[in-house]
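One structure is given below, encoded as structure tokens.
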Amino acid sequence: MVGTLAACGGSGGGNGGTGDNGGGASDQSWILGTTETVTAMDPAGSYDFGSWEMQYNIFEQLMRVPAGQSEPVPDAAKSCSYDDPQTITCKLRPGLKFSNGDKLTSSDVKYSFQRNIEIADPNGSSVLLGSITDSSDANHPKLGDGAIETPDDTTVIFHLNKPDTTFMKILTSATSSIVDEDVFPADKLLADSKVIGSGPYKLAQYKAGEQAVLTANPNYSGPRTPKTKQVFVQYFSDPAPLKTAIDSGQIDIAWRTLSPTDLADLEKNDNVSVDRGQGSEFRYWVWQFGTKVGKQKAIRQAVANIIDRDAIAKNAYDGTVKPTYSIVPPGFSGHIPAFKTKYGAQPDVAAAKQLLKDAHIKTPISITLGYTPTHYGPNTVDEANELAGQLNDTGLFKAQVQDAEWEQYQTLYKKGAYDLYILGWYPDFLDADNYLSPFLRDGGFYGNNYSNPTVNKLLDKELGETDKAAREKIIEQLQKIVAEDVPLIPSWNGQNVAVAGKDMSGVEQTLDPTYIFRIWTISKNG
Amino acid sequence: MFKTLTSPIRNTSGMARWILLAGLIITAAFVIMAIFAPWIAPYGFAQNSSDGMRFPKMGPPSAAHPLGTNDQFFDILSRVIWGARTEVTVVVLSVLFAVSVGMPLGLLSGFLGGWADRLMVFVMDVLYSFPSLLLAIVFAFLLRGPLGGGTFAAALALTAIYIPQYFRVVRSTTASAREATYVEAARAIGARNGTIMGRYLFGNVIQSVPVIGTLNAADAISTLAALGFIGLGIQPTDAAEWGYDLSRALDDAQSGIWWTTLFPGLAIVLLVTGLTLVGEGLNETVNPTLRKRRFRKVRMPANEPTSALVEGEV
Amino acid sequence: MSADRGSLPRYIVQRILLVIPMIWLALTIVFLLLRVAPGDPVSAAVGGKLDAAALASRRHSLGLDRPLIVQYWDYIKDVATFNFGQTISDNRPIIDVIRDNGGATLTLTLGAFLFALVFGIPLGLLAGRYRDTAADAVIRVFGVVSYAAPIFWTGLLAVILIAPTGWPTYDIASPVTKFEVHPVTHILLVDAALSGNADAFWDVLQHHVLPCLTLGLLLSGVFIRLVRVNLLHSLQGDYVEAARARGIAERHVIRRHAFRNALVPVITIIGLQVALTMSGAVLTERTFNWPGLGNQLVKYLVARDYSAVQGLVTFFAIVVVIVSVFIDILNAVIDPRVRY
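Chains as they are written, first to last, in the numbering used here: chain A, 141 to 666; chain B, 229 to 542; chain C, 4 to 343.
Structure below.
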């Protein structure tokens, strides 16, 4: 294969020359392998990793999050800032151009948001733009009247319909990608292969489910200068061939998602390095307040006392995940390990026993744990069995596990078929609120019937607070309430892992909680 | 009774007998494992510790765990033995269901002919035209709800695939046999439809059933494994299933951990092979045309012309 | 048995006319099965992210909250006008999916069949000719085992063994080849040949070897066994007896008469194997990350993408129905007893 690739690479090099400037970009193309899938290249039609990953490379957003940081910096904008908690003013960089040569102006920016909201694609992410959406007609959402103002070609002013300190972060997400108003239709998605943007790369070829070819965008003038002229992204339907491919050097980087066993084995391969960065994936157990067991605080707290997160991480995931003690992951401003403070780092069976005794609850308590076998990967069942084992070993519980395919699972957990059920979460944007509002307000998106007026009030307050320190205080307070009320039990945070050939550089730096694989920063040597 | 049971073996010779015997022994070994699993298996199928001691994770074969342990801390020997129970149950149930629905329909359809026949052929052909794995996947989805993710649901899901196969084969055998000389003869001497179907056609058609039966049994195991591979099979805490274990072990195999994938895989290959050998052996005994003719030369006997051409051996 | 009953043209016309209601029935079954199965494209994609109201509004915009009968009517109407629509989960026209991914499945299955024919038939004939010898025993056991081994298991074994040698073990071509070969027929092997790029053609060919071999091995197991049994059958046939009685040498009897007759049913076998091959292809494609229809089907099924699954299954059904009708007709031409 090495021989073949070299041979093809030779002719490919000639072809690669047809495109671009690349200004100092390397001719040495490389291949990224992933099991993520692309829903749509068009930013208005996607709400998933695979699509967003491509969009971060093809488009510019007003703001971006640089590798390893958490605060937004300007991207297509020269500057963006809050005038007050409901107003953001952005100035564009002068001379912006799309890869087809069209000028990028404030009108394109407004158009991008407008069409995203109005198309309201069922696979889209326009829900994130609620602060500039007029949803008085639920079935035909519109861009709010006067929500975006464009006084001149390089100025965009957002008027939010409520105080929203997370909106600056939303401006960094792929849903805020800026599209060309002369190319993208206003009322429907653009075909994947026709998508163009103003980002560091342009999409030279796209074969759905097979591969995407990115070539450096000659019109790109921003700070994200591409290091490689041509990059191939290969899509894998299963982790097993992805593992073989990286193991045997048929691809240069494997990013998302290899199994714990695969990673352990690849550590032994001298030709590749396994790079781990901090992740923001969150796995947690939700209490259903609608069941006899779930509605009793003493039981919820007792389980929080008993759960052995280190054992879960070690036994079910080979140590590839990090135990977590709060609803807000570490690294997010405002994070405190609230569960560790309240329940200790180590399991405390005696405390659990005492809690149940004080509440006059007869033991052993029959409890049903729910999991779904495929949606969150094959190791989910191991975590469920591990936790059930931990509960049973105390003699306080009679735990049994039940499973359902993802589809049924969703209805079942909402209906109260399980007392405690496992779910996973990836953030839409890097802000602590993304771990709070969706989870805690009136039963959360998962409908666990938890409702606490204090929490709701604090959420509103935190969203309207532009002072960083004051906001962190509120977020800390919320985490403490979660540890006390236990609407859910945090289990672990995932890592952002990539396996790369030894001749690749720049991989480790991009592995951060944003899960943006910044292709432009990576190059292959030799 | 014993004589009737062993007659297929006694009726064969040479390799046919060995094949049948080998198949029977392999299959019997698995059936014994299936029936006596609780007594033979050292541990439960979802047991990851004993006497409060955790089993090793992916431990290589050792005295305590002769076939090693897998990544779920389960004892592989126990999983293989309990797995036999699951597979045998699923196979027996699914083949039984499929035969009892597919064969009578095929017999009826082939014998009756006409519109009834066409309609049935039509429906069955449509069912048959679905890729069987897809059908199994969809049925597995459907049946998991009401029946849970266990053995019975899996068996029923597989049944749906095999009915059309029995129907097809039985029907076409019936349709051909209907025109055969001996059936014409029976009709000519005034035999009733029921008699013809029951005595002549059934006897003829039943011969092809063990062959498809074992083929399907084999196929059922493969399909079950395939469901496990795609992640829609029986869950590890519901029952031990080789396909599931195999799919979990695929990653290990690439990492040089051979015992987690070898033993469940071997179990699948062995049981499928055993079943197929039984089927082929049976086929040769039940189906006289496949038997080797001992007597090639035509002898002219004194009184009994019918025994002039003796097929097979006595 | 009326006089015109066995008329061949009439039989053929009947069979072909039946194709339409057959496909209609297939569509209906798929439609119902998918709707009865729990879940929908919306909950599959974002059920773990959005609250109930947001999910409902997405369902509404996809028209999934309309009465079932209305959805069914629209669906049948679209198909009747050859409008297969778009996938829900990634907005691809279904026709494009079939066109872009069908080629890979086609070359995979043809390659596997070719292997099975070239490999399985001679072995089956050999085993039947020399029945009860050691050769027969070895071939039969091989046939049984190659069918018994789960395809993803043998596939994985092959990958583990071959990958260190540098031979390609996944996908239909290297990325560069895919990028360079311009789609004309959408069958990559043919396109690569047409492009005149020898490197590209060799690359695609190399990629075919392992998957075709794996799937072909499974099929050849079936072929070996059935060809062998058929040979045994025909060796006992009246015409063979007659040939023997005429004093023709056994060698000639076998070659001229028995072999030929043993191979006629192979046509039927091929027909019967089409559906099996589709299933085998799903697993082979997943094992080797092959960009074929089987792989797509599983992906869309998991995403509960109604229109994609409906479209693909319809396509599968059409292929299988047409092949089976073709085989039936062929059989009717060969063996008049089959007609009715």
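Every residue, glycine too, gets a C-beta built ideally from N, C-alpha and C.
What does the alpha-carbon distance come out to for the pair residue i and residue j?
i, j, result
"ASN197 (chain A)", "VAL373 (chain A)", "12 Å"
"LEU21 (chain C)", "GLY283 (chain C)", "27 Å"
"ARG521 (chain B)", "LEU238 (chain C)", "Here the model assigns ARG521 (chain B) a pLDDT of 49, short of 50, so the residue's position is not dependable and the matter cannot be decided."
"GLY162 (chain A)", "ASP93 (chain C)", "Confidence is the limiting factor: at GLY162 (chain A) the pLDDT is only 43, short of 50, which leaves the residue's position unreliable and the question unanswerable from this model."
"GLY484 (chain A)", "ARG449 (chain A)", "11 Å"
"GLY131 (chain C)", "LEU234 (chain C)", "6 Å"
"GLN168 (chain A)", "PHE319 (chain C)", "42 Å"
"VAL187 (chain C)", "VAL193 (chain C)", "9 Å"
"SER252 (chain A)", "THR355 (chain A)", "23 Å"
"LEU229 (chain C)", "THR451 (chain B)", "21 Å"
"LEU336 (chain B)", "TRP310 (chain B)", "39 Å"
"TRP546 (chain A)", "GLU469 (chain B)", "21 Å"
"MET644 (chain A)", "THR654 (chain A)", "21 Å"
"PRO504 (chain A)", "PRO44 (chain C)", "41 Å"
"GLY127 (chain C)", "ILE142 (chain C)", "8 Å"
"ALA47 (chain C)", "LEU11 (chain C)", "50 Å"
Below 9 Å between beta carbons: does that hold for residue i and residue j?
i, j, result
"ALA331 (chain A)", "ASP103 (chain C)", "no"
"VAL319 (chain A)", "GLY337 (chain A)", "yes"
"ILE97 (chain C)", "SER310 (chain C)", "yes"
"LEU300 (chain A)", "THR227 (chain A)", "yes"
"GLY564 (chain A)", "GLU421 (chain A)", "yes"
"ILE615 (chain A)", "GLU602 (chain A)", "yes"
"LEU122 (chain A)", "ILE467 (chain A)", "No statement about residue 122 (chain A) is possible, as the shown extent of chain A runs from 141 to 666 and does not include it."
"VAL205 (chain A)", "LYS309 (chain A)", "yes"
In terms of alpha-carbon separation, which member of the options lies closest to residue i?
i, options, result
"LEU294 (chain A)", "A:ALA314, A:ALA216, A:GLU258", "It is worth fixing the name first, because residue 294 (chain A) is Thr in this sequence and not Leu. Residue A:ALA216 is the option with its Cα nearest to THR294 (chain A)."
"GLN345 (chain C)", "C:ASP241, C:PHE226, C:GLY114, C:VAL277", "Missing from the structure shown is residue 345 (chain C); chain C here goes from 4 to 343 and no further."
"VAL319 (chain B)", "B:TYR271, B:ALA445, B:PHE258, B:LEU335", "B:ALA445"
"ASP480 (chain B)", "A:ALA478, A:ASP458, A:SER247", "A:ASP458"
"LEU159 (chain C)", "C:ILE325, C:VAL82, C:TYR78, C:LEU218", "C:LEU218"
"ASP292 (chain A)", "A:VAL521, A:LYS250, A:HIS500", "A:LYS250"
"TRP395 (chain A)", "A:ASP410, A:GLY389, A:VAL414", "A:VAL414"
"GLY441 (chain B)", "B:ASN511, B:ARG282, B:PHE301", "B:ASN511"
"ALA402 (chain A)", "B:GLY493, B:LEU490, B:ARG476, B:VAL308", "The question names Ala, but residue 402 (chain A) is Asp in the sequence shown. Nearest option by C-alpha distance: B:ARG476."
"LEU300 (chain C)", "C:THR172, C:THR108, C:ARG134", "C:THR108"
"ALA609 (chain A)", "A:LEU570, A:ASP582, A:TYR549, A:GLY474", "A:GLY474"
"ILE190 (chain C)", "C:ALA246, C:GLY105, C:VAL316, C:LEU67", "C:GLY105"
Locate the alpha helix (DSSP H) running through residue i, then write down its first and last residues.
i, result
"ILE98 (chain C)", "97-132"
"ARG415 (chain B)", "409-416"
"ILE272 (chain A)", "Premise fails: ILE272 (chain A) is in no alpha helix (DSSP H) and is neither H nor E."
"THR551 (chain A)", "546-555"
"TYR561 (chain A)", "Not the alpha helix (DSSP H): TYR561 (chain A) falls in the beta strand (DSSP E), residues 560-565."
"GLN393 (chain B)", "379-406"
Going along chain D, which residues have a C-beta under 8 Å from residue i?
i, result
"GLY459 (chain B)", "Here chain D cannot be found, since the structure's protein chains are A, B and C."
Along the chain, where does the beta strand (DSSP E) containing residue i start, and where does it finish?
i, result
"LYS432 (chain A)", "LYS432 (chain A) -> no beta strand (DSSP E), and no H or E assigned at all."
"PHE422 (chain A)", "412-427"
"ALA356 (chain A)", "351-356"
"GLN370 (chain A)", "370-375"
"ASN173 (chain A)", "It is Gly, not Asn, that sits at residue 173 (chain A) in the sequence shown. Note, GLY173 (chain A): beta strand (DSSP E), 170-174."
"ILE297 (chain A)", "295-299"
"ASP224 (chain A)", "217-224"
Runs of alpha helix (DSSP H) lying entirely within the stretch 463-541 of chain A, each at least 4 residues, in chain order: Inside the stretch 463-541 of chain A, DSSP marks whole alpha helix (DSSP H) runs of 4 or more residues at positions 478-483, 489-498, 520-533, from first to last along the chain.
Any alpha helix (DSSP H) of 4 or more consecutive residues that is wholly inside the stretch 232-306 of chain B: Scanning the stretch 232-306 of chain B from its first residue to its last, the whole alpha helix (DSSP H) runs of 4-plus residues come out as 242-263, 265-268.
Those runs of the alpha helix (DSSP H) which lie wholly inside the stretch 597-666 of chain A and span at least 4 residues: With a minimum length of 4 residues, the continuous alpha helix (DSSP H) runs that stay inside the stretch 597-666 of chain A are 608-625, 647-650.
Runs of beta strand (DSSP E) wholly within the stretch 301-328 of chain A (minimum 3 residues, chain order): Complete beta strand (DSSP E) runs here, min 3: none at all.
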